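Asks: Just passing along the structure, written as structure tokens.
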Amino acid sequence: EREVGYGITDSWDEIVETLQGAPVSNDMELGGYVREFKTRVRQDMDEIYMRLDDEQTERQLLAGRLNMLFRDMRAHAYTRQLMETEARMSREAWVRATDASHSPTGTGDSFAGTGYHFTGTAGTC
């Protein structure tokens with residue numbers, strides 16, 4: 013290795029010297045190395061694609077769950093609104109019934125403001 017400036021080291025000569033002393037490979041050995049390399053690359057690519065497919069499937073499942081949660085959220089909001097309306101109407105009916113039972117006539121036979129008046133006869137309104 014020799015310094016060529018700016019902190020860069022030239023190691024090319026060392027690499028060439030090392031390779032010059034290495035035994036020469038024939039085409040058969042080289043073909044074997046290429047096949048092994050090709051097999052490893054194919055296996056790595058298969059694993060990468062498998063992981064990508066798994067991630068894509070996981071993302072699709074999460075997206076489906078998220079969409080379902082949004083639909084549920086709207087349904088729950090509508091249900092909450094219905095329950096609040098029903099509770100309000102029940103309170104109003106209770107107040108009317110309470111007011112009617114304390115009516116000035118003392119008969120307790122009318123629901124104030126509802127348009128209903130009981131005559132006291134069973135089955136008639």
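In terms of our numbering, the sequence shown is residues 13 to 137.
Each residue gets a CB set at the ideal place from its N, CA and C atoms; glycine is no exception.
Remember, it's a predicted structure, so these values are computed and weren't measured experimentally.
Look at the alpha carbon of Ala112 and the alpha carbon of Ala105, and state the distance between them as a whole number of angstroms.
Replies: Going by the C-alpha atoms only, they are around 10 Å apart.
Asks: For Thr136, which three-state DSSP category applies?
Replies: Legend: pLDDT at Thr136 = 46, less than 50; position of this residue unreliable, value from coordinates given subsequently. Reduced to three states, the DSSP call for Thr136 is coil.
Asks: Taking the alpha helix (DSSP H) that Asn79 falls in, what are its first and last residues?
Replies: That run of the alpha helix (DSSP H) goes 39-113.
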